[in-house]
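Q: Pasting a structure here, questions to come.
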Amino acid sequence: MYHGLRLAVVVPAYNEADRIAATLAGIPDYVDLVIVVDDASADATAERAGSSGRPNLHVLRHPHNRGVGAAISSGYRLALQRGCDVAVVMAGDGQMDPADLPALLRPIVDGDADYSKGNRFAHAEILHTMPRLRLLGNVVLSLLSRAASGYWQIFDSQCGYTAVTQRALRAIDLDRLYPRYGYPNDLLTRLSVAGLRVVDVPVRPIYGPGWRSGIGLKTAIYPVLFVVLRSLMWRQLQRLRRSIPPRLPGRPQAPDGERSQGDSSSSSAKSSAGSSRAPRI
Ligand SMILES: Nc1nc2c(ncn2[C@@H]2O[C@H](COP(=O)(O)OP(=O)(O)O)[C@@H](O)[C@H]2O)c(=O)[nH]1
Ligand SMILES: [Mg+2]
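In this note's numbering, the protein residues as written are 2 to 282.
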């Protein structure tokens, strides 16, 4: 338990046999449930996770590779089934610093956010650690994701180090979450349409020796950029649908149109904190 909250950490892992044990060893003991989602890795990722000695570990295995977004959705579903209040995502390649976890959880513990995400750009060392092309790509995607989601105060849309409340997970349709790279952008827009509060928290960028990534220039364009642009259009469509009340014969009209679950104006969410306010879509 962490400040009275039952906490899960979801670890997506694909061909991370060399790094998974060290990643799991770094996860603090106050985490109640660690869920590794191995996505049909060709190496011994699942076996190494299983023999890591990590307590409260559950290794989920997808029979076929379904992508990192689908893996995280699977982890979220299990966290909900096990009654967790908060689910954190930490990648299986050790790029997330466990020392940042309390700061990431702070806004949720304080009741100021439904989703808190890392922002590596708040650390000046990102200029030395993150490869140049990746830095540029992240800036472009972050700016576009602001427009797509309507969360104008956030940055580093591609940072996968996140924490989400049970309430937020129940407000979005996990089956529709984009299954591959691009899922954080899709998720941000879905949280926005549900009227949930998102905050950025500074986290340390880690690019250690032997660092590698499944995201290259091609992947950044498709699917990531594609998902961002799709999200942008989808949110505008939701906006239009809400501003034009449906005119169905024989059905009384709500005076202010339809609202989705978790809409900022109807939820009990605090809306005073400027940095965490849900956008008006
Ligand atoms: N389960 C699962 N995990 C994946 C998949 N692709 C990547 N991952 C994991 O997701 C995490 C982030 O992926 P990575 O390629 O390092 O992305 P980056 O850190 O944003 O450059 C790593 O732990 C990967 O092992 C996948 O298809 N399925
Ligand atoms: Mg990585």
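Ideal placement from N, C-alpha and C gives every residue a C-beta, glycine not left out.
1. From the DSSP output, in three-state form, read off residue 45 for me.
2. Quick check on residue 120: does DSSP put it in helix, strand or coil?
3. Which two residues bound the contiguous beta strand (DSSP E) that contains residue 61?
4. Tell me whether residue 228 sits in a helix, a strand or coil according to DSSP, three-state version.
5. Restricting to runs no shorter than 4 residues, where is the alpha helix (DSSP H) found entirely within the stretch 174-239?
6. With residue 157 and residue 119 assumed to form a contact (beta carbons below 8 Å), what rounded beta-carbon distance in angstroms separates them?
7. Could you check how far apart the C-beta atoms of residue 131 and residue 208 are, in whole angstroms? I think they sit under 8 Å.
8. Below 7 Å between beta carbons: does that hold for residue 175 and residue 77?
9. Under the rule that 16 or more other beta-carbon atoms within 10 Å means buried, what is residue 14, buried or exposed?
10. How should residue 70 be labelled, buried or exposed, when 16 other C-beta atoms within 10 angstroms of its C-beta is the threshold for buried?
11. Since residue 92 is in the beta strand (DSSP E), which residue starts that stretch and which ends it?
12. Flag this pair as yes or no: are the beta carbons of residue 93 and residue 12 separated by less than 7 Å?
13. Which partner residues of residue 39 appear in the DSSP bridge assignment?
14. Quick one: is the Cβ of residue 215 within less than 6 Å of any heavy atom of ligand 1?
15. Entirely within the stretch 99-155 and at least 3 residues each: give me those beta strand (DSSP E) ranges in chain order.
16. From residue 62 to residue 46, what does the alpha carbon distance come to, in whole angstroms?
17. Could you give the DSSP three-state label for residue 32: helix, strand or coil?
A: So, from the listed chains and residues:
1. Reading the sequence shown from its first residue, position 44 is the one you call residue 45. The answer is coil: DSSP assigns residue 45 none of H, G, I, E or B.
2. One-based indexing of the sequence shown puts residue 120 at position 119. Strand at residue 120.
3. Residue 61 sits at position 60 when you count from the first residue of the sequence shown. Counting along the chain, the beta strand (DSSP E) containing residue 61 begins and ends at 58-62.
4. One-based indexing of the sequence shown puts residue 228 at position 227. Note: residue 228 maps to helix in three-state DSSP.
5. 184-194
6. By 1-based counting over the sequence shown, the position of residue 157 is 156. By 1-based counting over the sequence shown, the position of residue 119 is 118. Right, the Cβ-Cβ distance comes to about 7 Å (below 8 Å), so this counts as a contact.
7. Position 130 of the sequence shown, counting from 1, holds the residue named residue 131. Position 207 of the sequence shown, counting from 1, holds the residue named residue 208. At roughly 6 Å, the Cβ-Cβ gap stays under 8 Å, so residue 131 and residue 208 are in contact.
8. Taking the sequence shown and counting its residues from 1, one reaches residue 175 at position 174. Taking the sequence shown and counting its residues from 1, one reaches residue 77 at position 76. In contact: residue 175 and residue 77 (Cβ atoms closer than 7 Å).
9. As a working note, residue 14 is residue 13 in the sequence shown. Classification for residue 14: buried.
10. For the purposes of this step, residue 70 is taken as the residue at position 69 of the sequence shown. Residue 70 should be labelled buried.
11. Here residue 92 refers to the residue found at position 91 when the sequence shown is read from its first residue. Segment: none, residue 92 is in no beta strand (DSSP E) and carries neither H nor E.
12. On the sequence shown, position 92 is the one that residue 93 refers to. On the sequence shown, position 11 is the one that residue 12 refers to. Contact: yes.
13. On the sequence shown, position 38 is the one that residue 39 refers to. According to DSSP, residue 39 bridges with 14 and 62.
14. Counting from 1 along the sequence shown, the entry for residue 215 is found at position 214. Residue 215: yes, Cβ under 6 Å from ligand 1.
15. 116-120
16. In the sequence shown, the residue the question calls residue 62 occupies position 61. In the sequence shown, the residue the question calls residue 46 occupies position 45. Residue 62 and residue 46: Cα-Cα distance of roughly 10 Å.
17. In the sequence shown, residue 32 corresponds to position 31, counting from 1. In this structure, residue 32 counts as coil in the three-state DSSP scheme.
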